[in-house]
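> The structure is given below, and queries will be raised subsequently.
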Amino acid sequence: MPRLGSMPDPKDKPRTLLVGWISRLDLAVELGLSIDTLRRWEAQRTGPACVRAGRKVYYRRAAIEEWLEEQEQAAPRRRRAGGRR
1 MPRLGSMPDP KDKPRTLLVG WISRLDLAVE LGLSIDTLRR WEAQRTGPAC
51 VRAGRKVYYR RAAIEEWLEE QEQAAPRRRR AGGRR
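Residue numbers (the UniProt record's numbering): 1 to 85.
Written as structure tokens, this is what we have:
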């Protein structure tokens with residue numbers, strides 16, 4: 001059993017607690033956005049749902065995918081300007 005404050009043994013099995021979750025920084029990188037944009041979306045409640053663990057913010061990958069699909073469906077269709085079809 002590891003002692004408090006000791007480094008984990010690299011031979012130990014990796015933790016799986018956060019499988020299916022992504023950090024705010026990683027999400028910003030994947031979406032090509034700034035962290036500030038994700039913070040603003042959280043404050044406005046317009047972005048994907050997130051949870052806080054202390055100062056860390058995590059997003060459930062499934063919730064991000066659902067949110068992206070909602071954005072696709074909510075996107076207005078653009079009409080082509082000009083003459084007849």
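Glycine is no exception: its CB is placed at the ideal position from the N, C-alpha and C atoms.
If you're wondering where the values come from, they're calculated on a predicted model, not measured in any experiment.
#1: Which ranges does the beta strand (DSSP E) cover as unbroken runs of at least 3 residues, wholly within the stretch 18 to 42, from first to last along the chain?
#2: Straight-line CA distance for L68 to K11?
#3: Please tell me whether S57 and R24 are closer than 8 Å, where the distance is taken between their beta carbons.
#4: How far does the alpha helix (DSSP H) with A49 in it reach, from first residue to last?
#5: Which of the three DSSP states is assigned to R60 in this structure?
#6: Considering only residues of the same chain and omitting the five flanking positions on each side of I64, which have a CB-CB separation below 8 Å?
#7: Could you check which residue in Y59, R39, T46 has the C-alpha nearest to that of Q71?
#8: Under three-state DSSP, which class holds A74?
Per the coordinate set shown:
#1: 21 to 23
#2: 38 Å
#3: Per the sequence shown, the amino acid found at residue 57 is Val instead of Ser. Result yes, Cβ atoms of V57 and R24 sit closer than 8 Å.
#4: No alpha helix (DSSP H) contains A49, which DSSP labels as neither H nor E.
#5: strand
#6: I22, L27, P48
#7: T46
#8: helix
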